[in-house]
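To keep things clear, I will list the structure first and then write my remarks on it.
In the working numbering, the protein residues as written are 14 to 199.
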């Protein structure tokens, strides 16, 4: 009789251990997916950072009195490069996106710049990169959503708490103006 009780206790403990291990591994896989998705964003952001100096120098050749805009773009780019946490990176990227929008708006005032093939190529590359960043952000946010859902729902929230697995931040647009549709005038 004691052997049977001992065997039942062992089976229950092994089952419980397998349950905890299964949830832990699931949480870790989701965490790795979210970090990988962030790395995908990072790759596209680095490509964007490489394009910006070329774009700025091309526009500078035509719009010499737009120094404040150039400084804003350069400063925002450097802050984005120097960001050390996801939260800092998100804030810096929002600032950089705004600054780039102003830089491209400046180009509208210079017809000879808009006709420059180098500028058009850089603008096309930047647009393509921005699209890739947008898709990478969506993938990242989906991955973070799956992780966060597991971290806050029972029973995985208990395991997450035991192993200090925390929610991650979404990559969200902070500026209200960036959420509005652009005004197009003909």
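Ideal Cβ placement from N, Cα and C applies to all residues, glycine included.
Model, not experiment: these values are computed from the prediction.
{"query": "Uninterrupted alpha helix (DSSP H) stretches inside the region 79–156 (no shorter than 4 residues)", "result": "80–95, 99–120, 124–127"}
{"query": "Residue closest to residue 151, alpha-carbon to alpha-carbon, out of 183, 123, 171, 111", "result": "183"}
{"query": "Residue 71 versus 120, 103, 162, residue with shortest Cα-Cα distance", "result": "120"}
{"query": "DSSP-derived helix/strand/coil call for residue 25", "result": "helix"}
{"query": "Helix, strand or coil at residue 206 [DSSP, three-state]", "result": "Within the shown structure, residues of the chain are numbered from 14 to 199, placing residue 206 beyond reach of any answer."}
{"query": "Proximity winner among 155, 153, 37, 130, relative to residue 177 (alpha-carbon distances)", "result": "37"}
{"query": "Simplified DSSP assignment, three categories, for residue 205", "result": "Lying outside 14 to 199, the shown extent of the chain, residue 205 is not represented and no answer is given."}
{"query": "Contact between the region 47–61 and the region 139–146 (3+ Cβ pairs under 8 Å)", "result": "yes"}
{"query": "Anticipated Cβ contact below 8 Å, residue 106 with residue 58, distance rounded", "result": "7 Å"}
{"query": "Cβ contact (3+ pairs, closer than 8 Å) linking the region 85–96 and the region 61–75", "result": "yes"}
{"query": "Proximity to residue 104 [Cα-Cα], best of 61, 79, 186, 43", "result": "186"}
{"query": "Cβ-based neighbour list, residue 170, same chain, cut-off 7 Å, excluding 5 preceding and 5 following", "result": "164"}
{"query": "Residue 61 and residue 142 closer than 8 Å at C-beta", "result": "yes"}
{"query": "Residue 175 - DSSP class collapsed to helix/strand/coil", "result": "helix"}
{"query": "Burial state of residue 199 (16 or more Cβ within 10 Å)", "result": "Unreliable placement is indicated for residue 199, whose pLDDT of 29 sits below 50; the coordinate value is still reported in the next sentence. Under this definition residue 199 is an exposed residue."}
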